[in-house]
Amino acid sequence: MPNLDCLEVRFSPFCDEEVFPGALHEPSHARMKSLEAISKTLRDRESRPNTSIIRELVLNYLEDTPLRKDLNDNLLQNIKKLHIRVAYDSDQNERPEFTSYLSDTLLPSVSEHLVELTIAGHYWGSIPAEFNGKGLSFPCLKSLTLGEYIILRQDQFDWILEQRSLIGLNLYSCKIATHCLVSQPNFEVWDVNLNGWKRISDPSTNIVQANYSPLSHPRLEPLDFGWYANDLRWSDMFDRIRQSLPQLRNFNFKCCSWQSYFEGYSGIPSGNDLSYRYYTFDDESWAWVWWYRPAEERPFTMERDFFTDEDMPGTPVGLYERTESADRLALETLMEVTRKRCDEK
Numbered sequence: 550m551p552n553l554d555c556l557e558v559r560f561s562p563f564c565d566e567e568v569f570p571g572a573l574h575e576p577s578h579a580r581m582k583s584l585e586a587i588s589k590t591l592r593d594r595e596s597r598p599n600t601s602i603i604r605e606l607v608l609n610y611l612e613d614t615p616l617r618k619d620l621n622d623n624l625l626q627n628i629k630k631l632h633i634r635v636a637y638d639s640d641q642n643e644r645p646e647f648t649s650y651l652s653d654t655l656l657p658s659v660s661e662h663l664v665e666l667t668i669a670g671h672y673w674g675s676i677p678a679e680f681n682g683k684g685l686s687f688p689c690l691k692s693l694t695l696g697e698y699i700i701l702r703q704d705q706f707d708w709i710l711e712q713r714s715l716i717g718l719n720l721y722s723c724k725i726a727t728h729c730l731v732s733q734p735n736f737e738v739w740d741v742n743l744n745g746w747k748r749i750s751d752p753s754t755n756i757v758q759a760n761y762s763p764l765s766h767p768r769l770e771p772l773d774f775g776w777y778a779n780d781l782r783w784s785d786m787f788d789r790i791r792q793s794l795p796q797l798r799n800f801n802f803k804c805c806s807w808q809s810y811f812e813g814y815s816g817i818p819s820g821n822d823l824s825y826r827y828y829t830f831d832d833e834s835w836a837w838v839w840w841y842r843p844a845e846e847r848p849f850t851m852e853r854d855f856f857t858d859e860d861m862p863g864t865p866v867g868l869y870e871r872t873e874s875a876d877r878l879a880l881e882t883l884m885e886v887t888r889k890r891c892d893e894k
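The opening residue of the sequence shown carries number 550 in the numbering used here; numbering runs sequentially from there.
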């Protein structure tokens, strides 16, 4: 195949048989052997005359284990279009060492030449491991796609707004976290940054926990057990995107996953979709929209219903409806600006 310019490497989505019993799992050592063989093949290919160089690489279900520096560099050499979907070897999902590897090693190794970048995972980027691309610069980047990225704070998204060369930005099933039930000692171990969040005053959450110690974080008050709320909204985010990315001409905001879009599955919404745009973190996992609904509309009975009073300050109940108008207006304004930029070109 002398004219090949794109390579897709597809692994199993399951890494550990003990975590996912019965699934077709693919252990770490087998994945690493495959990547080493692919890296060698790419280098050998470049030495052949009249053979194209692979410029686009899709790593489908790349395990969240950092690659050796030499393997990382050899695998990604000459890559200008990189698409990554992450698989996890633990039911706790993200490893902090992988998010650090992503921001400190993998992305800097390709940042100077990338024109397209995709990063997708399963509710990734915030808890239990935060991804923050602060300081990353992609001077040639034209298209950025994020799948299931969860945003805790504005500064966590700022690295995207700093990529002024962007022409296309695709957000697939990305969420803003609005409410979080802090539990200890987990939040201390995870070093969760809730800077700017406010604790909801609710006597029902003031309970004694075993082995509890306050979380200390720079610029933060210690986090006590209980519910915290975030006032960041998509209307703010859409406005910042419109104001910060002057070359943006293609923008997508959809509730489907990037995987579905990439493989052309049916049933993908054709327009932008505001469904499931906010999430809550409760009982050490990401919850869909249960806390945003009145108690009588929830599909099951909560063991402890913290938000029985819909009028209490900071409640998530009804937030989707309260923010719908402002979010939609900001999204439509952003889309109108991008359409005008396309027409001008």
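Backbone N, C-alpha and C fix where the C-beta goes; we use that ideal spot for every residue, glycine too.
Quick caveat: nothing in here was measured; it's all calculated off a predicted structure.
Per DSSP, residue i is paired with what?
i    : result
K630 : E605, E665
S834 : D831
A778 : H728, K747
I673 : Note that residue 673 corresponds to Trp in the displayed sequence, not to Ile. The partner list for W673 (beta bridge, DSSP) reads Y698.
L710 : Partner(s): none; L710 has no beta bridge.
E612 : A636
E846 : Partner(s): none; E846 has no beta bridge.
Locate the beta strand (DSSP E) running through residue i, then write down its first and last residues.
i    : result
F802 : 799–803
D831 : 827–831
N719 : 717–721
R559 : 555–559
Y698 : 692–700
Compute the distance between the beta-carbons of residue i and residue j, then report whether it is under 8 Å.
i    : j    : result
E679 : T727 : no
F830 : L883 : no
Y610 : P562 : yes
S675 : E697 : no
N490 : R713 : Since the displayed the chain opens at 550 and closes at 894, residue 490 lies outside it and no answer follows.
K612 : S577 : In the sequence as displayed, the identity of residue 612 is Glu instead of Lys. Yes, the pair counts as a contact, with Cβ atoms nearer than the cut-off.
Give me the Cα-Cα distance between residue i and residue j, rounded to the nearest whole angstrom.
i    : j    : result
I756 : H671 : Per-residue confidence for I756 stands at a pLDDT of 34, beneath the threshold of 50, marking its modelled position as unreliable; the derived number appears in the next sentence. I756 and H671: Cα-Cα distance of roughly 31 Å.
R798 : A879 : 16 Å
S660 : L620 : 17 Å
C729 : R592 : 47 Å
L655 : P615 : 9 Å
N779 : I749 : 10 Å
Q705 : R782 : 14 Å
D876 : E646 : 35 Å
V838 : I709 : 26 Å
K803 : L606 : 24 Å
P734 : F774 : 9 Å
L631 : L625 : 9 Å
M861 : F855 : 10 Å
R634 : G717 : 19 Å
W835 : Y828 : 7 Å
S874 : M786 : 14 Å
Rounded to the nearest angstrom, how far is the Cβ of residue i from that of residue j, given a contact under 8 Å?
i    : j    : result
I587 : L553 : The pair is not a contact, with the Cβ atoms about 13 Å apart (cut-off 8 Å).
R791 : V886 : 5 Å
L690 : V731 : Contact doesn't hold; Cβ gap of about 35 Å is too wide.
P551 : N599 : 6 Å
K683 : I699 : About 17 Å; that fails the 8 Å criterion.
L693 : L666 : 5 Å
A636 : F560 : 7 Å
L715 : L695 : About 12 Å separates the two Cβ atoms, so there is no contact after all.
Could you spell out the range, first to last residue, of the alpha helix (DSSP H) harbouring residue i?
i    : result
R888 : 868–893
T654 : Counting along the chain, T654 falls outside any alpha helix (DSSP H), and DSSP gives it neither H nor E.
S577 : 577–595
R737 : The question names Arg, but residue 737 in the sequence shown is Glu. Run containing E737: 735–739, per the alpha helix (DSSP H) assignment.
W783 : 783–793
L932 : Past the edges of the chain, shown from 550 to 894, lies residue 932, and the structure says nothing about it.
Indicate, with yes or no, if the ligand FAD has a heavy atom lying under 7 Å from the CB of residue i.
i    : result
G863 : Because no ligand of any kind appears in the structure shown, any question about the ligand FAD cannot be addressed here.
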